[in-house]
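Notes to accompany the following structure.
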Amino acid sequence: MERVKSMKFRVWFIAALIIALVAVALVSCRDDDEGQDSAEDSQAVAEALSGDAASIAAARNLTPDDITAALKTYTPSGVYDEYVMFASGGHSGQVFVIGMPSMRILKTIAVFTPEPWQGYGYGEIGTMELLASGNRGDHELTWADTHHPALSETAGDYDGEWLFINDKANARIAVIDLRDFETKQIVNNPIVLNDHGSTMVTPDSEWVIEGGQYAAPLGWEYSSLENYAEDYRGMVTIWKFDRESGRIKPEDSFAMELPPYWQDLCDAGKLVSEGWIFCNSFNSEMATGGVESGNPPFEAGASQNDMDFMHIINLDKAVEVAAGGGTIDVNGFPVIPLDTSIEEGLLYFAPEPKSPHGVDVAPGGEYLVVSGKLDPHVTVYSFEKIQKAIDAGNWETDDYGVPILDFDDVMEAQVEVGLGPLHSQFDNQGYAYTSLFLEPAVARWSMGGDYDELNDDPPWTLTSKINVHYNVGHIATAEGDTVSPDGKYLVSLNKWAIDRFLNVGPLLPQNFQLIDIGQPGDNLQLLYDMPFPDGEPHYAQIIKADKLNPWEIYPEIGWNPHTQSPDPNGTQLGEERIVRDGNEVEIFMTAVRSHFTPEHVEIQQGDHVVWHITNVETTYDATHGFSIPLYNINLSLEPGETGTFEFEADEDGVFSYYCTEFCSALHLEMTGYLLVEP
Ligand code: K7E
Ligand code: CUA
Numbered sequence: 010m011e012r013v014k015s016m017k018f019r020v021w022f023i024a025a026l027i028i029a030l031v032a033v034a035l036v037s038c039r040d041d042d043e044g045q046d047s048a049e050d051s052q053a054v055a056e057a058l059s060g061d062a063a064s065i066a067a068a069r070n071l072t073p074d075d076i077t078a079a080l081k082t083y084t085p086s087g088v089y090d091e092y093v094m095f096a097s098g099g100h101s102g103q104v105f106v107i108g109m110p111s112m113r114i115l116k117t118i119a120v121f122t123p124e125p126w127q128g129y130g131y132g133e134i135g136t137m138e139l140l141a142s143g144n145r146g147d148h149e150l151t152w153a154d155t156h157h158p159a160l161s162e163t164a165g166d167y168d169g170e171w172l173f174i175n176d177k178a179n180a181r182i183a184v185i186d187l188r189d190f191e192t193k194q195i196v197n198n199p200i201v202l203n204d205h206g207s208t209m210v211t212p213d214s215e216w217v218i219e220g221g222q223y224a225a226p227l228g229w230e231y232s233s234l235e236n237y238a239e240d241y242r243g244m245v246t247i248w249k250f251d252r253e254s255g256r257i258k259p260e261d262s263f264a265m266e267l268p269p270y271w272q273d274l275c276d277a278g279k280l281v282s283e284g285w286i287f288c289n290s291f292n293s294e295m296a297t298g299g300v301e302s303g304n305p306p307f308e309a310g311a312s313q314n315d316m317d318f319m320h321i322i323n324l325d326k327a328v329e330v331a332a333g334g335g336t337i338d339v340n341g342f343p344v345i346p347l348d349t350s351i352e353e354g355l356l357y358f359a360p361e362p363k364s365p366h367g368v369d370v371a372p373g374g375e376y377l378v379v380s381g382k383l384d385p386h387v388t389v390y391s392f393e394k395i396q397k398a399i400d401a402g403n404w405e406t407d408d409y410g411v412p413i414l415d416f417d418d419v420m421e422a423q424v425e426v427g428l429g430p431l432h433s434q435f436d437n438q439g440y441a442y443t444s445l446f447l448e449p450a451v452a453r454w455s456m457g458g459d460y461d462e463l464n465d466d467p468p469w470t471l472t473s474k475i476n477v478h479y480n481v482g483h484i485a486t487a488e489g490d491t492v493s494p495d496g497k498y499l500v501s502l503n504k505w506a507i508d509r510f511l512n513v514g515p516l517l518p519q520n521f522q523l524i525d526i527g528q529p530g531d532n533l534q535l536l537y538d539m540p541f542p543d544g545e546p547h548y549a550q551i552i553k554a555d556k557l558n559p560w561e562i563y564p565e566i567g568w569n570p571h572t573q574s575p576d577p578n579g580t581q582l583g584e585e586r587i588v589r590d591g592n593e594v595e596i597f598m599t600a601v602r603s604h605f606t607p608e609h610v611e612i613q614q615g616d617h618v619v620w621h622i623t624n625v626e627t628t629y630d631a632t633h634g635f636s637i638p639l640y641n642i643n644l645s646l647e648p649g650e651t652g653t654f655e656f657e658a659d660e661d662g663v664f665s666y667y668c669t670e671f672c673s674a675l676h677l678e679m680t681g682y683l684l685v686e687p
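Rendered as C-alpha cells:
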C-alpha cells in the first residue's frame, strides 16, 4: 500500500494544524497541572512551533493525520500511561505488560519459561519449585503457549488484583499476583494435555474457566483414532479460585465431560447471564484427519458442516451437581459425566455458523456474539431467548443426546461484517468490534437493544471498518471484557507485520496497532504501530492504570515473594553468617549498595550448599542481582526480598560471584569469592 506522501501538504498548513492541535491538547489534557497558565503555555507552544516544528513535520513527511496520531500517543518523560495492557506472550510462555497509549513495553512477567532478568528458574528455589510444579511427571516443561490472559474481577469489573493465563500446549493455568507482578502458582489440568478456551473468569473471579481444544481420551490414555466417537472427549474445567490465599484450589474444582467436538473459546456470563458459561466449538464433524492416507485434511474435514455448536453451560447448577457427588474420578480429578450433564440440564447446544472462533458476552450479559471464520456474519444470540427455548423444552439432540436448541429460536441478529470474522469486543458507545482475519480489518457495528440508545446508528448494522496490517487475530478494547467498557482505544493484535517495519530477516515481529475508537460513527483512526518481538500474543486485556496498586518495595526486609510473608531465612544487617554441619553449608548473606556480606565463602568440594540472600534495601528500584559462574545461578533480589538457592559444590576452583544489576557507582565492586577447595 502506497503511503500518501506529505508533499501534497504545504508547510504552513501543517504548522497551523500543529499549533491548533497542541493548543487543544494542552487545554484539554493539562488543565489540571498546578500553577500552569494555559494561555502562557499556548503562547510558548506557538513560539516553539513557529521555529522548528513545522520544518520537522515537513522534513519527516508527516501528514496531518500523523501529527494528530503523534499528539494522541506521545507520552513525555515522566508522564504515565492511562491504561495498562496485559498481553499473552504466545509461545514465549510469558505475559507482557504494555502502557497505553504510548505502547511502551513496561515488563515481561515470567510465567512458564525460565527468565534470567527476573532470576526466574536459575537456582532460586521458589521459582525452581514453581516451574517444576508445571512439569508432567518426569517430563520437564520449559516453555508454554500462552493465549488468553484474564484479569480478576469484582462485580464484573477488573479489580487489578490477580491475573490468570493459560498454556494451550500443555493445558496449564498460572496465577499472577499483581502486588508484585510475579507468578505464584501453576496448575496442571489432570485430564487433558491441551486447552484453549482459557482463561476466563466469572464476575467475582470465584471460578476460572479452562475450555479444551483437541479432543482426546480424558486422563490422557491411549486409544486408536478408529475409536474417536466412543473414546475421545472434549471437556471444560472449572477451577475454584480462593482470593484469600490467592491460589486455585484443585481440591474444590471439577471438570465436565463434553462430546469430542473441539471446544474453542469460552466466556463467562455476566449480569443477566451470570452463572452460565458459553464455549464455542468446531469440528462437530469429528474429522480425524490423515491427509497422508488419502483422507481429507483437518482443514477440510472439520469444515463440512454449516453449523457447529455453541455450548451453553449452567455453571451454578454444575457446581451443585459436582458438590453433590455427581462426578466420576478421572486421574484423581472429579468429572461430571456427559450423561449426568444431559439429565441434570447442565448442557445445551445452539447451532453456530460456520467454523466458529470466539464467543463474546456483551457488557450487559444479554447477548452472546459468535463469529464463524467461514461466514461473513457475526451471529448474536439472546440469553433471554436461550432461556425461553430451554424452558419450552422442544429440541433435537446430537449423537450424544445433548439438546440442540433451534437456531431461529435463540438468534437475535446477524450482522454482515466481512471476511474471516474472529473475535469481538465492546465499547461504551453501543458498538461492538470484530476482527476480520481475511480482509484484514476491524469492523465496528452498532448493537441493538439497550445499546441502541448510545449512538445514532441503526441497530445491528456495520458502521465502519479500518484496515489493519496484517492478519489480525484478537482485538482488545479498554476494559473491554467488563460490565462497563471504556471505549477510547482498541488494540489490533496482528500476526503479520510484513512491510510495517525495517527488515530484520525472515522472522518478523508481530504488530500491535493502536486504534482510536473514541469518536462515533465512521471515524476510526490508526494511531500507532508497535512491533512485538517475542512469541505471538493471542489475546490481551486492558485495564485503567489507576486500578493497579502494586508495591514499590516488599513490605518487610526478608520477604518471601512466593508466600508473600516474611521468610524465616531473611537476614538483617549484622546477622550474616556461614553455618557448617558436616558437608552441609548454609550461608546467610545480605546485599546492599555496594557489597555482599560475606565477601568470602570458603567451602570444600562435595559440600551441599544452601545459600540465602536478603536485599536489605528500602529504596525504590534498588534491586541487586546475584550470579555464580558455572553453576548456572542467577537471582534477582528486589528491595526487601530474600532468595534462596542450593547446589552441590562438585567442581573445585575459584568462582567470583557478582551483582548483575548496575546498582551504584561501585557496582563493579559488588562482588566476592566463592572458593571451593578440592
Ligand atoms: Cu483467536 Cu487462542 Cu483466542 Cu489465537 S485465539 S488469535
Ligand atoms: Cu548491586 Cu550491582
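Sequential numbering of the sequence shown, starting at 10, is according to the numbering used here. C-beta atoms are modelled at their ideal positions from N, C-alpha and C, and glycine is treated no differently.
* Unbroken beta strand (DSSP E) run spanning Ile484, endpoints -> 481-487
* To do: Could you give the DSSP three-state label for Ile351: helix, strand or coil?
  => helix
* Asked: Is there at least one non-hydrogen atom of the ligand CUA closer than 7 angstroms to the beta-carbon of Ser473?
  -> no
* C-alpha distance - Pro540 paired with Asn503, whole-angstrom precision -> 10 angstroms
* Give a yes or no on whether the C-beta atoms belonging to Thr211 and Ala159 are separated by under 8 angstroms. => no
* **Rounded distance between the beta-carbons of Asn624 and Glu647, thought under 8 angstroms** => 7 angstroms
* Asked: Nearest CA to the CA of Ile596: which residue from Ser603, Ala631, Glu655?
  -> Glu655
* Asked: Sorted by chain position, which residues of the same chain lie with C-beta nearer than 8 angstroms to Thr680's C-beta, five sequence neighbours on each side aside?
  -> Phe605, Glu608, Ser665, Tyr666, Tyr667, Cys668
* To do: Can you tell me which of the three DSSP states Val328 falls into?
  => helix
* **Candidates Ala311, Ala332, Met109, of which the one nearest Glu260 by Cα** => Ala332
* Indicate whether the contact test is met: 3 or more Cβ pairs, each with one atom in the region 507-516 and one in the region 455-469, closer than 8 angstroms. => no
* **Opening and closing residue of the alpha helix (DSSP H) in which Gln237 lies** => Here residue 237 turns out to be Tyr, not Gln, going by the sequence shown. Run containing Tyr237: 237-240, per the alpha helix (DSSP H) assignment.
* Val419 (DSSP reduced to helix, strand or coil) -> helix
* Compute the beta-carbon to beta-carbon distance between Ser290 and Asp315, rounded to the nearest angstrom, for a pair I have assumed lies under 8 angstroms. => At roughly 14 angstroms, the Cβ-Cβ gap does not stay under 8 angstroms, so Ser290 and Asp315 are not in contact.
* To do: Mind reading off the beta-carbon distance from Pro546 to Gly99? Whole number of angstroms is fine, and I expect it under 8 angstroms.
  => 5 angstroms
* Beta carbon of Leu533 nearer than 8 angstroms to that of Ile526 -> yes
* Residue range of the beta strand (DSSP E) that includes Gln396 -> No beta strand (DSSP E) holds Gln396; the alpha helix (DSSP H) holding it covers 392-401.
* Asked: Any idea if Gln313 is buried or exposed, counting beta-carbon neighbours within 10 angstroms, 16 or more meaning buried?
  -> exposed
* Taking the Cβ atom as the reference point for each residue, do Ile475 and Gln434 lie within a distance shorter than 8 angstroms? -> no
* Could you check which residue in Glu49, Ala238, Leu523 has the C-alpha nearest to that of Tyr92? => Leu523
* Span separating the alpha-carbon of Val36 from that of Asp61 -> Summary for Val36: the model assigns pLDDT 41, below 50, so the residue's position carries little reliability; its value from the coordinates is reported in the next sentence. Each residue's Cα considered, the two are about 22 angstroms apart.
* To do: Please name the residue in Gly583, His617, Thr388 whose C-alpha comes closest to that of Val685.
  => His617
* To do: Just confirm the distance between the C-beta atoms of Gln194 and Ile118, as a whole number of angstroms; I'd bet it's less than 8 angstroms.
  => About 13 angstroms; that fails the 8 angstroms criterion.
* What residue range is occupied by the uninterrupted alpha helix (DSSP H) comprising Glu308? -> 307-310
* Asked: Does the region 375-393 come within contact of the region 277-289, defined as at least 3 CB pairs closer than 8 angstroms?
  -> yes
* Using DSSP bridges, identify the partner residues of Met209. => Ile218
* Asked: Using 8 angstroms as the Cβ pair cut-off and three pairs as the minimum, do the region 156-175 and the region 127-137 touch?
  -> no
* To do: Classify Gly381 as buried or exposed, calling it buried when 16 or more other Cβ atoms lie within 10 Å of its own Cβ.
  => buried
* Asked: Going by Cα to Cα distance, which pick from Asp213, Leu267, Gly255, Asp240 is closest to Ala277?
  -> Asp213
* **Cβ pair Leu471, Ala452 closer than 8 angstroms** => yes
* Nearest to Phe307 by alpha carbon, out of Ala238, Gly255, Tyr223, Val330? -> Tyr223
* Going by other Cβ atoms of all chains shown within 10 Å of its Cβ, with 16 needed for buried, is Trp248 buried or exposed? -> buried
* **Delimiting residues of the alpha helix (DSSP H) encompassing Leu139** => 134-142
* Cβ of Glu650 versus every heavy atom of the ligand CUA: is any distance shorter than 7 angstroms? -> no
* Which listed residue (Phe671, Ala658, Gly662, His571) has its alpha carbon closest to that of Gly255 -> His571
* According to the Cβ coordinates, are Ala600 and Ile566 closer than 8 angstroms? -> no
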